[in-house]
Amino acid sequence: MLKGTANYAMNSSGFSIQDSVFRKIVIFLPLFILVLGGQIYAQTQLKARMPELCYRCHKELKKEFSKVYVHVPVKKGQCNICHNPHTSNQAFLIKDEINHLCMNCHKGTRNDFRKESIHTAFQRGKCTDCHNPHSTNYRYLLTKAQNTLCLDCHEAMKDQFRQAYLIPPFKEGRCLSCHHAHASYESNQLVKSPNQLCQGCHDIRCQIGGVSLSFALKESPCTTCHSGHSSDSKGVFNAYAHSAFLEGNCEQCHNPISAGKKITTLLAGKELCFSCHEEKRQIVNNINIHMGDVESACILCHNPHASSRKDLIRKHDKELCLNCHQDTERRQALMENRLKSIRCSPVKGRKCLKCHKPPHYGGPLYLKAGEDIGCGDCHKAQHTITHPIGEEAIDPRTGHAMNCGTCHSIHTAKHKFMLYYNRDRELCIQCHRR
Amino acid sequence: MRRSLVILIAMLCVFFGSTEIMAKQRAPVKFFMSLNAKEEAGGFDQPYSLFLNEHNKQLIVSDTGKNRLLFFDARQDDFKFLEEFDANGAMFHPVGVVQDHHGKLYVTERGKNGVTIYDRNTNSKDVLALEGISDNIPTNLAMDMKGNLYVLERGYKRILVFDPELQLKSQISVSGQTSTYFSDMAVDKNGRIYALETLSGKIYVFDSQGKLINKFGKIGKDFDFPTSIALDPHGNIYVVDQHKHKVLVFNSQGVFQWEFGQFGWKEGSLYFPTYIFIDSSNRIFILERYINRIQIFAPIYRKTL
């Protein structure tokens, strides 16, 4: 036992304090803490309770925060949940970067990033682009009415309101009736599969020659042929339609259709397409042919009935191409992180078909033949006054005529201007060694 | 106490360090030469595949863009150009090519159904029709030491095996997998078939009867965009990854061994490699179709290099 410390003696009832000095300490220490703590409390006591204190200066906010929908911390007057009253590295003295701050409480929202179809505004934007963190008159604390808010970005949709036939939820501006604002497992962030959504309101009305096609179309996505928004055609068909389909001339491609029997085509696979589009047959003779050895090669990309995209392209390139070519998407994302800013709009917008046209371009990687490989469509003045390209500039490493892709890497660039090599140090000496 | 702790930590560092080094061991192969046919044949135009006939030691390149086959002497390491063959202009974008013991050439051509058989001894041509399917465009070919012909039909997700008399022996596919598009294949000396599927990054191993005995590989982990597969004489599996610009090597059980290649245009570097073939003396041929180059690598222990 050490001298001067408490002397504990074990008895049947437990410990007893025997040292007199220690006993004094035990008695006076809590008193001392109480007095000191009280003094500190008195010194740091706020002049008023939390929200009122803030409103003393921010007078205009009290009215502003009393709209129909109020964020829970605001309602409880807990300004300091989000704001640091003293200092912060963030604007408006918020405690963290805005998206992190929101997701600290709204943890479930993080799961949305794992879903397959993610709204670009959600993926790349700020929560406050759509939501007011304090109070609004719109549900989900949206900054505006949902249709106005959506159309601020999706401006092209405004034209669709002028069309003759409108789907009711679209007409009424109820975007969220069909779309999830953040992400979903369905394409275009639909809340359910297209056929579930449509059939939730009405039965399948498609018929040919008096035969209802509901037996065949029950599981088919309605948006294969119909627009989810509006159309100038009575059946609300997509903007681009196969002529035979629009004319109801099903026999041009299909064997006679009868109720309950599987719908079949006159010819198998791409042979059916070539029976009319004979001139396209040469595509399978290209050296580089994308899935040309697959029977259904045409309908991998084209919808034989109708589509909202020109040339009856099935889906946005992002889904059409990058669903399979996932490594390209990964590499592009890495490149975007690395280079911070990329101005190439087809790359940014994942518009693969802007440059690659498989299988219609038979050149390497399905790029347009020639010196600009498609870049010249946008960059018209490029390389007219800078490094020459084309037959007059042969790459000594390969013996090929130079094109944009000789120096620029479109998907995996490591250096500014989407270059393979640093243009200040390495790029030129790849060829100009002397 | 402290000393023994330091020794223990040092030993652990050495142990884990060595396993790390072993995992990333230097590839025991080196660049040997580029195959050149510029002077004699005007160079390649998007060559698709190649085959080395072990009987007559001739290397055959399908020079797809120029509608011809190019022959090189593979007895020496200088790969002297021998001749070109275009079937008097009848050949069209040859893709896959193999040659049997008798010198018959089996060629798949773009847009043509079946396998075209060119017999240069009799100057005749025949077609091996692939039964049952009219719209049938096979791509890659392989031939084992017994003369069995392997035809890859990506569109129908299967490999057809024909005996030397061209009788269909078996069809190989992955049952229950509706999206297994094989993109290349290789056959070992025991008749085991190694089929590569690009989009899933999977390698399927079938025994000679067509029974699936192993599969390995994962896209995004092992591979990015694997396009071609070959086997060396020791049974190691070489896979070309077009988007990694590398060749990845696995042992016969599918365990990663080493890799080689780096992106670039210089000799020894790889630019979107598309096809690989390995001969019995372990010479590794890699095609870079988009820059019309064929590079040859070989083991570092090979004395003639």
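Line by line, the protein sequences are chains A and B.
The letter at position 106 of the first sequence is residue 109 when you use the working numbering, and the numbering goes up by one with no holes.
The letter at position 168 of the second sequence is residue 193 when you use the working numbering, and the numbering goes up by one with no holes.
All residues carry an ideal CB built from backbone N, CA and C; glycine is no exception.
| residue 88(B) (DSSP reduced to helix, strand or coil) | On the second sequence, residue 88(B) is found 63 positions in, with the first residue counted as 1. In the structure shown, residue 88(B) sits in a strand (DSSP, three-state: E or B).
| task | For residue 131(B), decide whether its Cβ has a neighbour in chain A, counting only Cβ atoms nearer than 8 angstroms. | result | Translated into the one-based positions of the second sequence, residue 131(B) becomes position 106. No, residue 131(B) does not count as interfacial toward chain A.
| query | Taking residue 116(B) as the reference, which of 151(B), 84(B) and 97(B) has the closest Cα? | reply | On the second sequence, position 91 is the one that residue 116(B) refers to. Measuring from the Cα of residue 116(B), the nearest candidate turns out to be 151(B).
| query | Using DSSP with H/G/I as helix, E/B as strand and the rest coil, what is residue 349(A)? | reply | For the purposes of this step, residue 349(A) is identified with residue 346 of the first sequence, where counting begins at 1. Helix, per DSSP.
| query | Can at least three beta-carbon pairs, one atom from the region 178-191 of chain A and one from the region 110-122 of chain A, be found at a separation below 8 angstroms? | reply | At 8 angstroms Cβ cutoff, the stretches touch.
| message | Going by DSSP in three states, residue 393(A) sits in which element: helix, strand or coil? | response | What you label residue 393(A) is simply residue 390 of the first sequence in a count that begins at 1. In the structure shown, residue 393(A) sits in a strand (DSSP, three-state: E or B).
| task | Just the chain B side, please: which residues come within less than 7 angstroms of residue 290(A) by C-beta, in chain order? | result | Counted from its first residue, the first sequence places residue 290(A) at position 287. Ordered by position in chain B, the residues that pass the 7 angstroms Cβ test against residue 290(A) are 71, 89, 90, 118 and 135.
| task | Anything in the region 297-314 of chain A with a Cβ closer than 7 angstroms to a Cβ of chain B? List those residues in chain order, please. | result | 297 and 298
| Would you call the CB atoms of residue 123(B) and residue 69(B) closer than 8 angstroms? | On the second sequence, residue 123(B) is found 98 positions in, with the first residue counted as 1. On the second sequence, residue 69(B) is found 44 positions in, with the first residue counted as 1. The beta carbons of residue 123(B) and residue 69(B) sit no closer together than 8 angstroms.
| field | residue 425(A) classed as buried or exposed, judged by whether at least 16 other C-beta atoms fall within 10 angstroms | value | Residue 425(A) sits at position 422 when you count from the first residue of the first sequence. Classification for residue 425(A): exposed.
| task | Flag residue 180(B) as yes if its beta-carbon sits less than 8 angstroms from any beta-carbon of chain A, otherwise no. | result | Against the second sequence, residue 180(B) aligns to sequence position 155. So yes, residue 180(B) belongs to the interface.
| request: Assign residue 154(A) to one of three DSSP states: helix, strand, or coil. | output: Within the first sequence, residue 154(A) is the residue found at index 151, counting from 1. It is helical.
| Does the beta-carbon distance from residue 223(B) to residue 299(B) come in below 8 angstroms? | Taking the first residue of the second sequence as position 1, residue 223(B) is located at position 198. Taking the first residue of the second sequence as position 1, residue 299(B) is located at position 274. Against a cut-off of 8 angstroms, the Cβ pair of residue 299(B) and residue 223(B) comes out as no contact.
| task | State yes or no: is the C-beta of residue 136(A) within less than 8 angstroms of the C-beta of residue 74(A)? | result | To locate residue 136(A), count along the first sequence from 1; it is residue 133. To locate residue 74(A), count along the first sequence from 1; it is residue 71. Between residue 136(A) and residue 74(A), the gap from beta carbon to beta carbon is short of 8 angstroms.
| message | Short of 7 angstroms in beta carbon distance, which residues of its chain neighbour residue 186(B), apart from the five on each side in sequence? Order them along the chain. | response | Within the second sequence, the letter at position 161 stands for residue 186(B). Within the same chain, residue 186(B) has close Cβ partners 173, 175, 194, 195 and 197.
| task | Check distances from the C-beta atoms of the region 243-262 of chain B to those of chain A and list, in chain order, the residues that come in under 9 angstroms. | result | Those would be 244, 245, 248, 249 and 250, in chain order.
| request: Would you kindly check if the distance between the Cβ of residue 59(B) and the Cβ of residue 287(B) is under 8 angstroms? | output: Here residue 287(B) is taken as the residue at index 262 of the second sequence, counted from 1. Here residue 59(B) is taken as the residue at index 34 of the second sequence, counted from 1. Residue 59(B) sits away from residue 287(B), with the two beta carbons spaced by 8 angstroms or more.
| message | Can you check whether the C-beta of residue 164(B) is within less than 8 angstroms of a C-beta belonging to chain A? | response | Taking the first residue of the second sequence as position 1, residue 164(B) is located at position 139. Among the CB atoms of chain A, one or more fall inside 8 angstroms of the CB of residue 164(B).
| query | Is the Cβ-Cβ distance between residue 201(A) and residue 228(A) less than 8 angstroms? | reply | Walking along the first sequence from the start, residue 201(A) turns up at place 198. Walking along the first sequence from the start, residue 228(A) turns up at place 225. For residue 201(A) and residue 228(A), no; Cβs fall outside 8 angstroms.
| Helix, strand or coil at residue 263(B) according to DSSP, with G and I counted as helix | Position 238 of the second sequence, counted from the start, is the residue given in the question as residue 263(B). Strand.
| message | Starting from residue 442(A), trace the beta strand (DSSP E) in both directions and tell me its first and last residue. | response | Since the displayed chain A opens at 4 and closes at 437, residue 442(A) lies outside it and no answer follows.
| said: Determine, for residue 127(B), whether the minimum Cβ-Cβ distance to residues of chain A falls below 8 angstroms. | reply: Against the second sequence, residue 127(B) aligns to sequence position 102. For residue 127(B), the nearest beta carbon of chain A is not closer than 8 angstroms to its own beta carbon.
| field | Buried versus exposed, by CB contacts within 10 Å (16 or more), residue 315(B) | value | The residue you call residue 315(B) lines up with position 290 of the second sequence. Here residue 315(B) is buried. Its C-beta has 16 or more other C-beta atoms within 10 Å.
| request: Count the other CB atoms, across all protein chains shown, that sit within 10 Å of the CB of residue 421(A); report buried if there are 16 or more and exposed otherwise. | output: Within the first sequence, the letter at position 418 stands for residue 421(A). The residue is buried, with at least 16 neighbouring Cβ atoms inside 10 Å.
| request: Closer than 7 angstroms by beta-carbon distance: list the chain D residues that pair up with residue 128(A), in chain order. | output: Of the protein chains in this structure, namely A and B, none is chain D.
| field | Start and end residues, alpha helix (DSSP H) containing residue 140(B) | value | Working through the second sequence from its first residue, we reach residue 140(B) at position 115. No alpha helix (DSSP H) holds residue 140(B); the beta strand (DSSP E) holding it covers 140-144.
| field | 8 angstroms CB neighbourhood of residue 400(A) in its chain, flanking five on each side removed | value | Here residue 400(A) refers to the residue found at position 397 of the first sequence. So the qualifying residues of the chain are 433 and 434.
| message | Please tell me whether residue 291(B) has its Cβ less than 8 angstroms away from any Cβ of chain A. | response | In the second sequence, counting from the first residue as 1, residue 291(B) sits at position 266. It does; some Cβ of chain A falls within 8 angstroms.
| query | So residue 424(A) is in the beta strand (DSSP E); what residue range does that whole segment cover? | reply | Counting from 1 along the first sequence, the entry for residue 424(A) is found at position 421. Note, residue 424(A): premise wrong, no beta strand (DSSP E); not H, not E.
| field | Min CB distance residue 350(A) to chain B below 8 angstroms | value | Position 347 of the first sequence, counting from 1, holds the residue named residue 350(A). No, residue 350(A) lies away from the interface with chain B (no Cβ there is under 8 angstroms from its Cβ).
| Quick one: which chain A residues come within Cβ less than 8 angstroms of residue 300(B)? | Residue 300(B) sits at position 275 when you count from the first residue of the second sequence. Within chain A, no C-beta atom comes less than 8 angstroms from the C-beta of residue 300(B); the nearest is roughly 13 angstroms away.
| query | Taking one C-beta from the region 92-107 of chain A and one from the region 124-139 of chain A each time, how about it: are there three or more such pairs within less than 8 angstroms? | reply | yes
| query | Sorted by chain position, which residues of the same chain lie with C-beta nearer than 7 angstroms to residue 291(A)'s C-beta, five sequence neighbours on each side aside? | reply | As a first step, residue 291(A) is located in the first sequence; it is residue number 288 there, counting from the start. Excluding positions up to five away in sequence, the list reads 365, 366, 367 and 369.
| Given that a residue counts as buried once 16 or more other Cβ atoms are within 10 Å of its Cβ, and exposed if not, what is residue 317(B)? | In the second sequence, residue 317(B) corresponds to position 292, counting from 1. Classification for residue 317(B): buried.
| Between the region 349-360 of chain A and the region 317-328 of chain A, do three or more beta carbon pairs fall short of 8 angstroms? | yes
| request: Ignore the nearest five residues each way along the sequence and tell me which others in residue 416(A)'s own chain have a CB closer than 7 angstroms to its CB. | output: Numbered from 1 along the first sequence, position 413 holds the residue referred to as residue 416(A). So the qualifying residues of the chain are 338, 342, 422 and 423.
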